[in-house]
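J.: Residue numbers (this note's numbering): 94 to 263.
For glycine and all other residues, C-beta sits at the position ideal for the given N, C-alpha and C.
1) Once the 5 residues before and after residue 209 are set aside, which same chain residues still bring their CB inside 8 Å of it?
2) Comparing alpha-carbon positions, which option in 177, 163 and 138 lies nearest residue 156?
3) So residue 168 is in the alpha helix (DSSP H); what residue range does that whole segment cover?
4) Is the shortest distance between the beta-carbon of residue 143 and the beta-carbons of chain B less than 8 Å?
5) Give the DSSP-derived three-state secondary structure of residue 145 in the structure shown.
6) Whole angstroms are fine: how far does the CA of residue 254 sit from the CA of residue 106?
7) Are the Cβ atoms of residue 110 and residue 134 separated by less than 8 Å?
8) Relative to the C-alpha of residue 131, which residue among 114, 137 and 141 is closest?
9) So, with DSSP's three-state summary, where would you put residue 100?
10) Look at residue 150 and residue 185 and say whether their C-beta atoms are less than 8 Å apart.
11) Cα-Cα, which of 148, 136, 112 and 129 is closest to residue 183?
12) Rounded to the nearest angstrom, what separates residue 144 and residue 162 at their Cα positions?
13) On the three-state DSSP scale, how would you describe residue 263?
14) Please report the straight-line C-alpha distance between residue 101 and residue 221, rounded to a whole angstrom.
15) Among residues of its own chain, excluding the 5 on either side of residue 142, which ones have a beta-carbon nearer than 8 Å to its beta-carbon?
16) Excluding the five sequence neighbours on either side, which residues of its own chain have a C-beta within less than 6 Å of the C-beta of residue 215, listed in chain order?
17) Just tell me which of 224, 181 and 158 has its CA closest to the CA of residue 128.
18) Taking the C-alpha atoms as reference points, what is the distance between residue 53 and residue 223?
Now the structure itself:
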């Protein structure tokens, strides 16, 4: 049985503070140039029960992508990438969380992107201050797994996802 003591302080229902949350996607264009984007519209919640069982969701509005370059953002919204007309959201569903090494939390779940759902595990840290908690999670994903395969000159299909989610209890 997993040690749930790290999660004991998080028992309850937590609602995402969208204004304080950041969802960043990092990659390299043409294998060289770093590209960083964020998603401005998110919502979500999580529940941890007394036994330490954790479930939750993070819903990201795919059309809210912002890389600081309007032309690139418009292209990301097309069917070459996110196809927001057909798939307006990305949904991460948390199916579990267990304490990991160095005070980190291993979050298991699935990510639904582009009409496909695949497992995506995240390594996270959590800091609680009263009825507020900040969870920072990182994961690497290969977007081709979700059917997003368009590249320019063999560009990278591997992305690094960094989520800093702020939640309020209750």
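T.: Quick look at the numbers:
1) 238, 239 and 240
2) 177
3) 163–170
4) In the structure shown, chain B does not exist; there is a single protein chain.
5) coil
6) 25 Å
7) no
8) 114
9) helix
10) yes
11) 136
12) 46 Å
13) coil
14) 11 Å
15) 104
16) 200, 230 and 232
17) 158
18) There is no way to answer for residue 53, as the model of the chain reaches only from 94 to 263.
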